[in-house]
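Peer 1:
In the working numbering, the protein residues as written are 17 to 307.
(1) If we require 3 or more residues per run, which beta strand (DSSP E) segments fall completely within the region 37 to 108?
(2) Quick check on residue 292: does DSSP put it in helix, strand or coil?
(3) On the premise that residue 242 lies in contact with residue 268, defined as a C-beta separation below 8 Å, what is that separation, rounded to the nearest angstrom?
(4) On the criterion of 16 or more Cβ atoms from any shown chain inside 10 Å, does residue 301 qualify as buried, or is it exposed?
(5) Residue range of the alpha helix (DSSP H) that residue 236 falls in?
(6) Under a three-way DSSP split, which group does residue 272 fall into?
(7) Can you have a look at residue 38 and say buried or exposed, based on whether 16 or more other CB atoms are within 10 angstroms of its CB?
(8) By alpha-carbon positions, which one of 100, 207, 42 ends up nearest to residue 87?
(9) Throw me the rounded Cβ distance for the residue 213 and residue 294 pair, which I believe falls under 8 Å.
(10) Just the Cα atoms here: how many angstroms apart are residue 65 and residue 98?
(11) Flag this pair as yes or no: are the beta carbons of residue 159 and residue 119 separated by less than 8 Å?
(12) Indicate whether the contact test is met: 3 or more Cβ pairs, each with one atom in the region 46 to 57 and one in the region 272 to 284, closer than 8 Å.
(13) Which residues does DSSP list as the beta-bridge partners of residue 255?
(14) Do three or more CB pairs link the region 218 to 226 to the region 158 to 172 at distances below 8 Å?
(15) By Cβ distance below 8 Å, which residues in the same chain neighbour residue 33 in space, the five residues on each side in sequence not counted?
(16) Could you check if residue 206 is buried or exposed, using at least 16 other CB atoms within 10 Å of its CB as the buried criterion?
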């Protein structure tokens with residue numbers, strides 16, 4: 017064999033042995049990334065857009081994050097109504113994307129936290145009509161996401177998906193229901209209640225909510241009224257998101273069992289979404305609500 021021919025064959029062999037660059041799928045928030053990692057496996061590199069120290073309520077995206085969003089092969093996000101800070105960048109993006117709110121079967125929860133209406137949603141007078149953006153805390157919404165990706169990105173999902181993911185999700189939901197069914201009527205306290213989707217889907221009672229907005233603590237009259245609710249309902253559980261004002265919760269309910277839970281799953285990026293839902297979220301509520 018001629019040296020030149022041998023060299024060409026060697027180069028061709030080396031090129032074929034180099035793995036293709038992984039397809040990059042960007043998720044706007046960590047729980048969506050958990051679901052995507054379970055769905056795509058080794059078929060994609062899943063990147064979470066928001067850093068652990070960023071709140072999705074009003075994030076300031078860095079130039080690097082903007083570039084990540086622009087260059088991704090696929091972006092999976094909540095939608096403009098839930099993530100207005102991301103919406104402007106998505107409007108300038110040319111590549112494919114999937115917005116959770118655009119998919120059939122997705123449950124919307126509107127309003128705040130305290131006033132129950134006949135249609136099953138909780139509302140605060142100042143927030144009627146506003147979307148609760150914590151869509152990922154309803155397992156049915158994540159099932160809708162899996163089915164939506166099967167329809168819109170089927171060629172990139174591994175064999176057996178999304179059936180495997182949906183089976184694991186249903187198993188996690190059933191396990192969570194078994195954990196929480198005996199505790200469904202127990203009263204609990206939440207700072208601004210990001211848990212509405214989870215609470216309603218799993219059949220828990222509505223919480224006593226300290227504040228309808230992050231960073232806005234109750235005035236003195238509101239504090240007295242809350243303290244009376246804590247006493248009247250014999251409340252012994254406080255579920256604390258990272259943004260909760262812990263000193264205020266301690267004064268309001270000094271005898272409460274306080275369980276820290278991050279609705280964004282930022283402390284468990286290693287878990288698949290079904291495991292996080294059952295082993296972290298449901299288990300945390302079970303620990304807090306148990307007598």
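The beta carbon of each residue, even a glycine, is placed where N, CA and C say it ideally should be. From a predicted model like this one, the values you see are computed outputs, not experimental measurements.
Peer 2: Taking the geometry as given:
(1) 39 to 43, 60 to 64, 90 to 93
(2) helix
(3) 6 Å
(4) buried
(5) 236 to 248
(6) Correct three-state label for residue 272: coil.
(7) exposed
(8) 42
(9) That pair is no contact at about 15 Å.
(10) Across the structure, residue 65 and residue 98 are spaced so that their CA atoms are roughly 15 Å apart.
(11) For the 8 Å CB-CB criterion, residue 159 and residue 119 do not form a contact.
(12) yes
(13) Answer by DSSP bridge pairing, in chain order: 206, 275.
(14) no
(15) With a pLDDT of only 40 at residue 33, under the threshold of 50, the placement of this residue in the model should not be trusted; the figure read from the coordinates follows. Counting only Cβ-Cβ distances below 8 Å, and skipping sequence neighbours, we find nothing.
(16) buried
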